[in-house]
Amino acid sequence: MKGPIKFASPLLDEATVEAAADVLRSGHITSGVWVERFEAALSEFCGARPVRVVTSATAAMEIALQLCGIGRGDEVITCAQSFFAVPNMIVKQGATPVFVDCDPLTRNIDLAAVAARIGPRTRAIMPTHWPGSLVDLDALYALARDRKLRVIEDAALVMGSTFNGRPIGAIGDLVSFSFHPNKNMTSIEGGALVVNDADEAKRVEVLRFHGIERLADGTRDVGFPGGKFNLPDVNARIGLAQLDVLDSENARRAEIAASYRAGLSSVGGITLMPQSPDRASSFHLFPVLVDGREAFLARMKEAGIGIGVHYRRNDEYPMYRKSHLPNAEWFSERVVSLPMHLCLTDDDVAYVTSTIASGW
Ligand SMILES: *Cc1c(COP(=O)(O)O)cnc(C)c1O
C-alpha cells in the first residue's frame, strides 16, 4: 500500500512564507496597504472590474445579498446541487431560497427550471460554477436581463477558469471567490466579491466594516449595523503571492485531471463529467460519479486515499424542505472528488487511478 494520499494539501512556497513574515514584522498586520494591492491585482485579473476582499466566500455572498437589498419576503433561485453556504446566506438575510434542479449531464443549474420558477418575489439567481463545467454565462445573463434579476455567481471553485476565453469574474454581475486552503488559491481564509462600479465597491467597504461611513469632515457615521469581514494584510499578502502562481498551478492541476481522465475513461462504475472544450477549467476539484459510493469510499479509505464529497444536495439538510429534484439527487448520491493538489506526484496519481481500476 502506497498511501496516505491526502485529498487536498495547500502549498505555500518559501517566498510566500517570507513575504507573510515581512508583513508580520512590519508593525501593521490587519487591513491596510496589502489589501489594496491584493484588490488591485484581483481587479486586473477580472478584466478591470472592481474587486473587494473579505474573510471568506460565505461573507462575500452575504455582502452581495445585502448589496442587492435582498431581505424578508424576497426569493432567490439557486440550485439544490451546491454548497450549503449559498442557501444559508439567503436565509440569513430573511429571504427564501427556491431550489431548482441541475442539468443531468453538466450538474449546472437548469436555466429552464429557473425561468419556470421566477415569480413576483424573485429578486436574484445564485448559480454555482463547477470545475470542468461552468454555467453558460450567455444564457444566464440573457435570462437575468430579460427578467430584471440580479445574479450572484458562486465561483468559489473556479478561480482561473475561463468562459469563451475570458476569466470567470471578468463579465457578469456580482461574482464571489473563495481563498480557503483547499481552493485554487488561498489566503488561508478569505474571499472576494467582484462588483460593477465604484459605488458598489464603496458600499461593500461599508458593509464589510461595521457600517462605518467616512464623512467629508473627517468624522465617521454608522447608518446601520454592518458586519466585520475585513481581511488582514497578512492574509492579503499570502493571497497576492498565490495569485502570481495561479496560472502555473492551474496548469499542473490540468495535467493531473488529464491523467485521471485517461486512466479512468474505461473503468466500469465510473462516469467522468463532460468536458466542454470551449470552457477551460481550473480543476480545483476532480469530480467523478461512482456506482456504489459507500463501498468505493470504504475501499479508498483502506487504500489510504483521501476522497471528498462535493456536495450532497442542500435540500436534504433538515432546515431545507426536501423537494423532488431527481438530477440533484442522482449527483448527490454518486459524486466523489479525487485527490487534487500541488503536492501530488505522477506516481500518486497513477496509484489512485490503478487502485480505482482494481475495483471496490
Ligand atoms: C468553499 C465553497 C464556498 C465557501 O467558501 P468559504 O471561503 O469557505 O466561505 C462556497 N461555495 C462553494 C461551491 C464552495 O465550494
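Quick note: the sequence shown uses the numbering used here, first residue 32, plus one each step. All C-beta atoms in this analysis are idealised placements derived from N, C-alpha and C, irrespective of residue type, glycine included. Since the model is a prediction, treat every value here as computed from it, not as a measurement.
Item: Could you spell out where the beta strand (DSSP E) holding M92 opens and where it closes?; Value: Counting along the chain, M92 falls outside any beta strand (DSSP E), though it belongs to the alpha helix (DSSP H) covering 88–98.
Item: Is the CB of L224 under 8 Å away from at least one CB in chain B?; Value: Here there is only one protein chain, and chain B is not present.
Item: Thinking C-beta only, is E184 closer than 8 Å to G196?; Value: no
Item: So what's S389 in DSSP terms, helix, strand or just coil?; Value: coil
Item: Counting Cβ pairs closer than 8 Å, one from the stretch 301–320 and one from the stretch 366–381, do we hit at least three?; Value: yes
Item: How do the stretch 152–160 and the stretch 95–110 stand: do at least 3 beta-carbon pairs fall below 8 Å, yes or no?; Value: yes
Item: Determine the direct distance from the alpha carbon of V131 to that of E244, and round the result to whole angstroms.; Value: 38 Å
Item: Evaluate the contact criterion for the stretch 43–59 versus the stretch 265–277: three or more CB pairs, one atom per stretch, below 8 Å.; Value: yes
Item: Since L238 and Q97 should fall inside the 8 Å C-beta cutoff, what is the C-beta to C-beta distance between them, to a whole number of angstroms?; Value: 5 Å
Item: For the candidate residues E49, T86, A79, V48, whose alpha-carbon lies nearest to that of V66?; Value: T86
Item: By alpha-carbon positions, which one of A126, F76, A116 ends up nearest to G100?; Value: A126
Item: Ignore the nearest five residues each way along the sequence and tell me which others in A46's own chain have a CB closer than 8 Å to its CB.; Value: A272
Item: Under 8 Å by Cβ, that's how I've got V84 and L262 pegged, so tell me the actual separation to the nearest angstrom.; Value: 5 Å
Item: Between which two residues does the alpha helix (DSSP H) carrying A223 extend?; Value: Where A223 is concerned, there is no enclosing alpha helix (DSSP H), although the beta strand (DSSP E) it sits in stretches over 222–225.
Item: According to the Cβ coordinates, are I338 and F115 closer than 8 Å?; Value: no
Item: With distances taken Cα to Cα, identify the nearest neighbour of K33 among G390, W391, T384.; Value: T384
Item: Across the stretch 65–79 and the stretch 322–330, are there enough close Cβ pairs to call them in contact, namely three or more that are closer than 8 Å?; Value: no
Item: Could you tell me which residues DSSP pairs with K411 in its beta bridges?; Value: Any question about residue 411 goes unanswered here, given that the chain covers just 32 to 391.
Item: Is the separation between the beta-carbon of I199 and that of A187 shorter than 8 Å?; Value: no
Item: Please state whether DSSP places T384 in a helix, a strand or coil.; Value: helix
Item: Let's see if you can read the secondary structure: which residues bound the alpha helix (DSSP H) around P118?; Value: 116–123
Item: Below 8 Å, how does it come out for the stretch 354–367 and the stretch 132–145: are there three or more Cβ pairs, yes or no?; Value: yes
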